[in-house]
Structures are given as structure tokens and as C-alpha cells.
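One structure is given here, and the rest of the page talks about it.
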Amino acid sequence: MWTWLHKFASPPHAYRLLGKLAPWFGWSSLVLILLATWWGLVKAPMDYQQKDAFRILYVHAPSAWMSMFTYVVMAVAAGIGLVWRIKLAHAAAAAAAPIGASFTFLALATGSIWGKPMWGTWWVWDARLTSELILLFLYLGYMALRSSFDDPQRADRASAVLAIVGVINVPIIHYSVEWWSTLHQPASVTKLDRPSIAIAMLIPLFIMIAGFQLYFGWAICRRLRGEILRRERNATWLKEIN
Amino acid sequence: MRRAAVSSAAWLVFRRDLTLAWRRWDEVAQPLIFYVVVTTLFPLATTPDLSELSKISGGVVWVAALLSSLLALESLFRSDVEDGTMEQWVLSGQPLGWLLLAKVACHWVLTGLPLVFVAPIVGTALGLPFNAWGTLVLSLLLGTATLSILGGIGAALTVGIRRGSVLLSLLVLPLAMPLLIFGSRAVSMAMDGDSPAGPLQLLAAIFFLVLSLGPLAVSAAIRISVEN
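Chains as they are written, first to last, in numbering that gives the first Met the number 0: chain A, 0 to 241; chain B, 0 to 227.
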């Protein structure tokens with residue numbers, strides 16, 4: 000019954016499957032991101048208050064979403080690896096971390112660029128920016144812990160524990176930061192609340208999120224293949240492929 | 000061979016650690032001295048004016064408490080792992096989580112509790128009013144206890160790594176940020192004359208969450224660090 004699952008967890012099969020999947024993810028994400036870029040930058044109406052500056056939303060919001068999504072994917076993969084001792088799941092968690100950190104960095108950078116025309120400063124201690132910053136710290140800690148072990152198996156399992164502890168903490172951090180910021184700041188600072196956004200601006204946003212999601216699929220396929228190659232570099236099946 | 004009850008095994012670990020610490024009390028005193036030194040830095044760096052300082056005094060006391068408890072964490076499991084004691088505990092058949100919780104509790108009594116007692120004095124030197132003393136002590140009691148367990152997870156993960164202390168801070172500090180938010184918020188609410196019940200209850204909630212799930216994570220991390 001579970002043979003298909005075991006088959007997927009075997010490195011040679013996963014390596015071939017990921018290689019077949021990657022172009023599908025890659026090309027579809029490219030099409031969607033190009034479409035959403037054109038729609039968001041050209042076709043979507045201008046915001047009456049923020050003028051054209053709001054258009055950075057089409058990069059900022061999807062990358063903020065992806066930063067959290069990737070953390071959850073990473074923690075779930077780490078948990079699967081820890082409980083069922085599946086090496087491929089650990090490899091997937093390892094492959095996801097730098098992607099997530101890059102999305103988090105992108106969200107922070109675009110948020111700060113957006114903040115300059117909107118708030119007049121590069122950085123505001125706004126709840127979303129601050130919890131995004133803490134998320135970046137969590138990613139960096141995870142990657143630092145992983146890289147400081149010599150033995151890959153111990154690195155896998157130790158960083159898996161950290162990822163699980165982190166994912167329990169993420170909601171606590173999020174709500175504490177939100178509460179902290181609403182008590183310290185006038186409410187006018189957080190301008191862009193979700194419901195007030197017009198539907199014509201929303202459609203390209205959703206296309207962009209789908210595009211980012213597929214890009215993540217492409218990136219994880221490629222990175223996981225690299226991870227498998229690195230871990231299985233002495234295996235015989237690799238010699239048989241080439 | 001008869002196996003000892005869990006509670007007596009945990010109590011033995013606790014007493015052993017207390018005795019060991021008593022014989023090397025200078026290691027216990029160092030984080031406390033560090034705590035006082037760090038809080039001295041803030042008036043030097045900002046302003047000697049007490050009315051200005053009192054605005055940030057709650058935050059300063061909390062940040063210094065976080066940093067000095069981190070300082071003591073690195074040695075928490077190290078000597079036991081290096082001399083093989085930890086391996087024996089893993090093999091002893093006792094629930095490892097309880098033994099490690101006893102160890103963390105002893106660590107808290109030695110490093111967290113002294114901070115809690117010194118905090119009002121340090122706070123007063125920074126212009127913290129007397130009416131905030133109770134809140135400061137209560138928030139630090141909950142906060143340092145939570146931090147000891149969270150730090151225990153970090154210390155257990157990094158115990159096998161050479162020069163793990165910077166890494167340990169990198170792992171634990173982001174996880175401790177909610178404690179800092181609620182703790183310093185409770186102190187500043189008490190200073191303003193508001194009831195600090197909200198943040199204190201949230202601190203207590205986080206403490207019980209960490210107390211219930213933390214030992215599982217600490218023992219999982221120790222098992223990974225010990226087995227080769």
C-alpha cells in the first residue's frame with residue numbers, strides 16, 4: 000500500500016522525478032510572474048492616495064506570504080524527517096531554508112523601499128516588518144546551526160528540532176509583536192489593510208502569489224536535486240545515470 | 000536492580016548540581032556581575048538624567064537580564080556531555096525529560112533567581128519607581144524561568160559544537176523576543192499606574208506552554224547530541 004511512498008523517498012527515484020517536474024514549475028511560474036508584472040505595473044489602476052508607489056505591493060506581499068509558507072514547509076519536512084527518519088525530508092528542509100530566507104529578505108527590502116515614500120523613513124517599527132525581521136533571524140539561526148555540524152545526520156536532526164520549536168513560536172512572536180506595536184504607535188501608520196484594496200488591484204496580486212508559489216516549486220526541485228547529489232555523491236546509482 | 004522513582008532521581012540531579020555550583024561559586028557570581036555591568040553601560044551611553052532614564056529603565060533591566068542569562072547557558076550541559084554523565088542518564092531508563100528539567104530548574108535557581116533579586120536595586124539606580132518593583136520581580140520570575148527552558152533547548156542543540164556560544168545566542172534570542180515584549184510592557188504599565196495583569200498573564204501562559212513542551216524538545220536535542 001505504501002510502496003509508492005517508499006519509492007518516492009528513495010534518492011534515485013526522487014532525483015529523476017524532481018528533474019521531470021522542475022521545467023513544468025519553472026515555465027508556468029515564469030508565465031504567471033510576467034503576466035502579473037504586466038497587469039500590476041501597467042493595467043491595474045493607480046491608487047488615489049499612494050499613486051504608483053503602491054505597485055511594489057506586487058512583490059512585497061507575495062514574498063512576505065512565501066516567507067511564512069516556506070517556514071511551515073520547512074518545519075513540516077523537518078518533522079517528517081525526524082519522526083519517520085526519512086533522509087529525503089531532511090534534505091527538503093535543508094533545501095527550503097535558503098529560499099525562505101531570500102523571500103524574507105526580499106519582503107524586508109521591498110517593505111523598506113515602500114516605507115520611504117509612504118512613511119518618510121526607510122524603516123518603521125511596524126508590526127509586520129518587525130515580525131518579518133524576527134523570522135529572518137529564525138532562518139539565519141536555522142542555517143547557522145545546520146552548517147556548524149560536521150556530521151550531516153546530526154545536522155539534519157538537530158536543525159529539525161530547532162525548526163519545530165521555531166514553528167510553534169512563530170504565531171506567539173507574530174501576535175506579541177502585533178500587540179506591542181499597536182500599543183506603541185498611532186494606528187494611522189499601518190495604511191494598507193487587506194479589505195480596503197480594490198478588486199482590480201487584487202487580481203494581479205493573486206496571479207503573482209500563484210507565480211511565486213510555482214517559483215518556489217521550481218526552486219525547491221532544483222535545490223533538492225543539488226542536495227541529493229551532494230549527499231549521494233559516492234552512491235553507485237549516480238554513476239549509472241551518467 | 001530496583002529502579003529509583005522519577006521524582007527522587009530528578010531530586011538527586013537537582014541536589015548534585017547545587018552542590019557542584021556551591022563548590023565553584025565564582026561561576027555562579029559571574030553572570031550576576033555581568034548583569035550589573037551591562038546596566039551601568041546604559042546611563043553612560045545615553046544620559047545620567049534619572050527622569051530620562053526611568054522611561055527606558057524597565058526595558059534596560061529586561062534586556063540585561065536576557066543577556067546575562069544567555070551568558071550562563073553555554074555551560075549548562077557541556078561538562079556532563081563531555082565526561083559521559085549525560086550518556087549514563089540517557090541509558091538509565093529514567094525519563095530523560097524529567098532529569099533535564101531538574102537540571103534546568105537548578106540552573107534557574109543559580110542564575111535566574113539572583114537576577115530577579117538584584118533587578119529592583121538595579122532598576123532603582125536607573126530611576127525605576129517603587130510602585131513597579133512588584134511587577135518587575137514577578138515578570139522577571141516568569142521570564143527568566145521560561146528563558147531557562149528555552150535556553151536549555153538551545154544549549155542542548157549546540158552542546159556538541161565547538162565555540163557554540165554565539166550560535167546559542169543567535170538561536171535563543173529570537174525565540175525570547177515575546178518574553179521581552181511582555182515583560183518590559185508589564186513594567187512600563189505598572190510605572191504608569193495601570194494594571195499589568197494582561198502582559199503578566201501572557202507571560203505566565205508562555206511559561207506553562209514552554210514548561211509542558213520544552214522538556215520534550217530538550218531531551219530530543221540531548222539524544223541527538225549524545226548519540227554518535
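All C-beta atoms, glycine included, are put in the ideal place defined by N, C-alpha and C.
### Task
Could you list the residues in the stretch 159–185 of chain B with a C-beta less than 8 Å from some C-beta on chain A, going in chain order?
G159, I160, G163, L166, L169, L170, L172, P173, L174, M176, P177, I180, F181 and R184
### Task
Could you confirm whether any beta carbon from chain A is found closer than 8 Å to the beta carbon of B:A219?
What you label residue 219 of chain B is simply residue 220 of the second sequence in a count that begins at 1. Taking Cβ atoms only, chain A reaches closer than 8 Å to B:A219, which makes this a yes.
### Query
Which residue from A:P11, A:W38, A:A74 and A:S66 puts its Cα closest to that of A:F215?
Taking the first residue of the first sequence as position 1, residue 215 of chain A is located at position 216. Cα-wise, what sits closest to A:F215 is A:S66.
### Message
Let's test the definition: count the other Cβ atoms within 10 Å of the Cβ of B:T38 and tell me whether it reaches 16, buried, or not, exposed.
### Response
Residue 38 of chain B sits at position 39 when you count from the first residue of the second sequence. Per the 10 Å Cβ criterion, buried.
### Message
Can you tell me whether A:K115 sits near the ligand FMN, meaning its C-beta is under 7 Å from at least one heavy atom of the ligand?
### Response
The ligand content of the structure shown is nil, which means the ligand FMN is not present either.
### Query
So the alpha helix (DSSP H) A:M207 belongs to, where does it begin and stop?
Numbered from 1 along the first sequence, position 208 holds the residue referred to as residue 207 of chain A. It spans I198 to R230 - the alpha helix (DSSP H) in which A:M207 sits, taken as one unbroken run.
### Task
Would you tell me roughly how many angstroms separate the C-alpha atoms of A:V188 and A:M117, rounded to the nearest one?
Your numbering for residue 188 of chain A matches position 189 in the first sequence. Your numbering for residue 117 of chain A matches position 118 in the first sequence. In this predicted model, A:V188 has a pLDDT of only 42, less than 50, meaning its place in the structure is not dependable; the value taken from the coordinates is given anyway. One C-alpha to the other measures close to 9 Å.
### Distance CB(B:A154)-CB(B:G111) smaller than 8 Å
Mapped onto the second sequence, residue 154 of chain B falls at position 155. Mapped onto the second sequence, residue 111 of chain B falls at position 112. Not a contact, by the Cβ cut-off of 8 Å.
#### Entry: Pick from A:G99, A:L201 and A:A93 that is closest to A:R229, judged by C-alpha positions
Here residue 229 of chain A is taken as the residue at index 230 of the first sequence, counted from 1. Among A:G99, A:L201 and A:A93, the Cα nearest to that of A:R229 is on A:A93.
### Query
Since B:A3 meets chain A, which of its residues come closer than 7 Å, beta carbon to beta carbon?
Position 4 of the second sequence, counted from the first residue, corresponds to residue 3 of chain B. Those within 7 Å of B:A3 in chain A number zero; the least Cβ separation is about 28 Å.
### Query
Excluding the five sequence neighbours on either side, which residues of its own chain have a C-beta within less than 6 Å of the C-beta of B:M188, listed in chain order?
As a first step, residue 188 of chain B is located in the second sequence; it is residue number 189 there, counting from the start. Counting only Cβ-Cβ distances below 6 Å, and skipping sequence neighbours, we find P195.
### Task
Check distances from the C-beta atoms of the stretch 160–182 of chain A to those of chain B and list, in chain order, the residues that come in under 9 Å.
Along the stretch 160–182 of chain A, the positions whose C-beta sits under 9 Å from a C-beta of chain B are V160, L161, I163, V164, G165, I167, N168, I171, I172, Y174, S175, V176, W178, W179 and L182, read in chain order.
### Query
Near B:V27, which residues of its chain fall below 6 Å by C-beta distance, leaving aside the five closest residues on each side in sequence?
Within the second sequence, numbered from 1, the residue matching residue 27 of chain B stands at position 28. Answer for B:V27: A20 and L109, listed in chain order.
### Query
From A:N233, A:C220, A:I240 and A:W236, pick the residue whose C-alpha is nearest to that of A:A90; which is it?
Numbered from its first residue, the first sequence carries residue 90 of chain A at position 91. Answer by Cα proximity: A:C220.
#### Entry: B:T134, enclosing alpha helix (DSSP H) - first and last residue
Start at 1 with the first residue of the second sequence, and residue 134 of chain B comes out as number 135. W132 to T157 is the extent of the alpha helix (DSSP H) around B:T134.
### Query
Do A:L29 and A:A209 have their C-beta atoms within less than 8 Å of each other?
Locating residue 29 of chain A in the first sequence gives position 30, counting from the first residue. Locating residue 209 of chain A in the first sequence gives position 210, counting from the first residue. In this structure, A:A209 does not lie closer than 8 Å to A:L29 by Cβ.
### Message
Residues in the same chain with beta-carbon distance under 8 Å from B:V121, minus the five sequence neighbours each way, listed in chain order, please.
### Response
Here the question's residue 121 of chain B lines up with position 122 in the second sequence. Taken in chain order, the residues that qualify are Y34, V35, T38, V60 and A63.
### Query
Is there at least one Cβ from chain B nearer than 8 Å to A:F211's Cβ?
Position 212 of the first sequence, counted from the first residue, corresponds to residue 211 of chain A. Any Cβ of chain B closer than 8 Å to the Cβ of A:F211 would place that residue at the interface, and such an atom is absent.
### Query
Whole alpha helix (DSSP H) runs in the stretch 112–177 of chain A with 4 or more residues, listed along the chain?
126–146
#### Entry: Endpoints, the alpha helix (DSSP H) within which B:R161 is located
Along the second sequence, read from residue 1 onward, the residue named residue 161 of chain B stands at position 162. Where B:R161 is concerned, there is no enclosing alpha helix (DSSP H), given that its DSSP letter is neither H nor E.
### Message
Do A:W217 and A:A21 count as a contact pair if the criterion is CB distance below 8 Å?
### Response
As a first step, residue 21 of chain A must be located in the first sequence, where it is residue number 22. As a first step, residue 217 of chain A must be located in the first sequence, where it is residue number 218. Cβ atoms of A:A21 and A:W217: closer than 8 Å.
### Task
Pick out whichever of B:E226, B:L149, B:F181 and B:G92 has its Cα sitting closest to the Cα of B:Q200.
Mapped onto the second sequence, residue 200 of chain B falls at position 201. The residue with the shortest Cα to Cα distance from B:Q200 is B:F181.
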